[in-house]
Amino acid sequence: MLANFLIGLREGLEAALIVSILIAYLVKSGRRHLLPQIWLGVAIAVAISLGFGAALTFGPKGLTFEAQELIGGLLSIVAVVFVTWMIFWMAKAARSLSGELRSQIDKAADASRWSLVIVALLAVGREGLETALFLWAATQTAAQGTGSTAGPLLGAALGLLVAVVLGYLIYRGALKINLSRFFTWTGAFLIIIAAGVLAYGVHDLQEARFLPGLNNLAFDVSGAIPPTSWYGTLLKGVFNFSPATTVLEAAAWLLYFIPTMTIFLYQKRQRAHAAPSRPAAQPVGVSGRK
Amino acid sequence: MITTRLSRRARLLSLPVRTVILLSTGTVLTLPLLAGCTENTPAGNTDANAGGNPRALTVQATDSECKLSATTAPSGNITFAVTNSGSKVTEFYLYGDDGKRVVGEVENIGPGITRELVLKAEPGNYITACKPGMAGDGIRAPFSVSDSGDQGAGGYDIQLVDRANDNYRNTWRISPSSWWR
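Those protein sequence lines, which keep their order, are chains B and L. Position 66 of the first sequence, counting from 1, maps to 65 under numbering that gives the first Met the number 0, and the rest follow consecutively. Position 104 of the second sequence, counting from 1, maps to 103 under numbering that gives the first Met the number 0, and the rest follow consecutively.
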């Protein structure tokens with residue numbers, strides 16, 4: 000039960016974090032009208048994953064290993080692109096909060112409605128198929144008649160539930176902190192998450208033999224951080240940290256992380272210089288904020 | 000608590016919330032239905048199947064063992080139904096004869112769960128491995144695939160493109176490895 004719980008938690012955590020940060024951002028910046036986009040993306044991802052997963056589990060056809068890895072790997076890399084877009088979109092849209100450009104940016108935000116749907120869709124759908132296959136396998140175990148047990152399904156569902164609750168708590172917490180601090184922290188946090196997703200995608204593609212070097216490890220700390228432990232689960236679930244990381248994964252991680260974080264911090268500093276003191280007239284239509 | 004939040008915003012969110020609710024309700028409703036379908040499909044994950052189809056193998060994995068129903072199979076599309084009766088989460092791998100090249104892998108096989116690995120196997124020698132705890136080299140054993148003349152679906156040819164529409168899996172089975180080589 001615990002082991003299946005940890006799988007559910009690990010698979011759900013990252014998606015829950017990204018989606019809750021996105022929701023917190025929209026609510027904090029008074030853009031609640033864009034929330035439906037997020038829910039739509041989440042709903043589509045859940046529906047496709049469960050539907051496709053069910054068809055593969057119970058239907059006459061399965062999915063080959065390569066196809067699954069390819070789907071997982073490519074979706075991960077596309078997800079990185081969109082999450083990166085989201086980080087910089089949030090930062091850009093944040094600037095408008097303090098003043099004049101707001102309506103202009105909001106028009107742009109409306110143009111990015113579909114991008115928001117896709118961010119949410121990818122955040123959830125990236126590992127959605129694998130999670131759905133796992134859930135349906137657990138369901139099969141629960142429904143199989145002889146020696147059947149609902150334990151694995153309960154554990155897995157509970158794990159996913161806890162991931163969603165953690166996402167919700169982060170959302171609640173994010174509502175309380177100051178907006179500019181929120182951007183800095185969530186932006187930096189999301190960059191680390193995205194770097195992990197990219198490394199994960201590279202690993203999937205290596206397993207599918209799309210990319211070489213699967214056995215060329217940069218480091219292996221499986222001994223110190225067992226993947227089955229709760230901290231191994233959290234590290235994997237949030238940052239996609241793999242105790243046995245290949246050289247190519249590590250390289251992709253660094254090649255994404257260093258420039259993206261540099262640009263992010265540079266832009267942040269520029270903004271701080273451009274507007275050294277926040278206007279005294281604070282209540283600039285942050286009407287949606289609680 | 001989430002539902003109360005949603006209902007408070009119901010006006011703003013009405014349409015998608017309805018979508019979400021509909022979809023989740025649909026899922027809850029279809030879940031038992033779909034689960035019911037298991038009996039109809041010969042999923043290859045029951046022991047009874049082990050003797051029948053030589054390409055449908057079972058793997059009994061525990062924290063210390065990795066028992067396959069057979070150590071050889073005819074070439075073509077092979078299914079390994081891996082059942083974890085141990086206490087740790089396990090993974091099942093099929094490696095090439097160098098013990099490194101991953102031919103196929105299925106992960107997240109939680110305790111009590113059965114998951115399937117489907118792959119197209121060419122004749123040759125392989126190594127199977129269960130990895131209880133998801134780390135290390137795993138419990139390894141040799142495995143061989145005999146030449147049955149059936150290469151499984153696949154091979155990169157123009158006809159496949161035409162066939163792609165009838166069979167999603169065939170589309171995918173223009174496998175990346177065939178581009179790679």
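Backbone N, C-alpha and C define an ideal beta-carbon position, used for all residues, glycine too. Bear in mind the structure is a predicted one, so any value in this text is a computation, not a measurement.
Between Glu13/B and Ile192/B, the beta carbon gap of about 6 Å places them in contact (Cβ cut-off 8 Å). Shortest Cα-Cα distance from Gly148/L to any of Pro73/L, Gly95/L and Glu106/L involves Pro73/L. When the alpha-carbon of Leu49/B is set against those of Pro35/B, Leu128/B, Val116/B and Gly40/B, the nearest one is in Leu128/B.
Listed along chain B are Ala2, Asn3 and Pro151, each with a C-beta nearer than 7 Å to that of Pro110/L. For the pair of segments examined, the region 50–65 of chain B was found not to touch the region 192–203 of chain B: the number of CB pairs separated by less than 8 Å stays below three. Each residue's CA atom was taken as its position, placing Asn3/B and Leu253/B some 32 Å apart.
The secondary-structure analysis by DSSP pairs Gln59/L across a beta bridge with Lys66/L and Thr82/L. Taking 8 Å as the cut-off, the beta carbon of Ala187/B is found closer than this to the beta carbon of Phe263/B. DSSP, reduced to helix, strand and coil, places Ser221/B outside both helices and strands of the structure shown, so it counts as coil. Residue pairing by DSSP places Glu115/L opposite Ala80/L in a beta bridge. For Ala69/L, the closest of Tyr125/L, Ala134/L and Pro131/L by C-alpha to C-alpha distance is Tyr125/L.
At least one CB of chain L lies nearer than 8 Å to the CB of Ser221/B. Contact of Arg114/L with chain B by beta-carbon distance below 8 Å involves Leu132, Phe133 and Ala136. Across the structure, Lys27/B and Trp38/B are spaced so that their CA atoms are roughly 17 Å apart. Rounded to the nearest whole angstrom, the C-alpha separation of Leu216/B and Gly51/L is 41 Å. Tyr94/L counts as buried, since no fewer than 16 other beta carbons sit within 10 angstroms of its beta carbon.
Phe218/B is classed as exposed because its beta carbon has fewer than 16 other beta carbons within 10 Å across all chains shown.
Residue-level contact by beta carbon fails for Glu64/L and chain B, as no gap is shorter than 8 Å. DSSP places Val116/B inside the alpha helix (DSSP H), whose first and last residues are Arg112 to Gly124. Cβ atoms of Gly111/L and Asn83/L come within 8 Å of each other, at about 7 Å. Contact of Asn124/L with chain B is not assigned, every C-beta pair being separated by 8 Å or more. Near chain B, meaning a CB-to-CB distance below 7 Å, the residues of the region 90–105 of chain L are Lys99, Val101, Gly103 and Glu104.
For Ile176/B, the secondary structure class from DSSP, reduced to helix, strand or coil, is coil. The DSSP assignment places no complete beta strand (DSSP E) segment of no fewer than 3 residues inside the region 126–166 of chain B. Judged by DSSP in its simplified three-state form, Thr244/B adopts strand. Glu10/B and Leu120/B have their C-alpha atoms roughly 15 Å apart. With respect to the 8 Å criterion, Leu152/B and Thr138/B are classified as neighbours on the basis of their beta carbons.
DSSP places Ser145/L within a strand segment (E or B) once states are collapsed to three.
Assigned with DSSP and collapsed to three states, Val101/L falls in strand. Residue range Thr89 to Gly95 is occupied by the beta strand (DSSP E) that includes Glu90/L, with no alpha helix (DSSP H) assigned at that position. Note that the region 171–178 of chain B does not touch the region 234–249 of chain B; fewer than 3 beta-carbon pairs, one per stretch, sit closer than 8 Å.
In chain order, Val101 and Glu104 make up the part of chain L whose C-beta sits under 7 Å from the C-beta of Glu206/B.
Here DSSP, grouped into helix, strand and coil, assigns Gly72/B to helix.
Taken atom to atom, the span from the alpha-carbon of Ala80/L to that of Ile257/B is near 42 Å. Counted as a single uninterrupted DSSP element, the beta strand (DSSP E) harbouring Ala72/L occupies residues Thr71 to Pro73.
Per the DSSP secondary-structure output, Ile126/L pairs in a beta bridge with Tyr94/L and Pro141/L.
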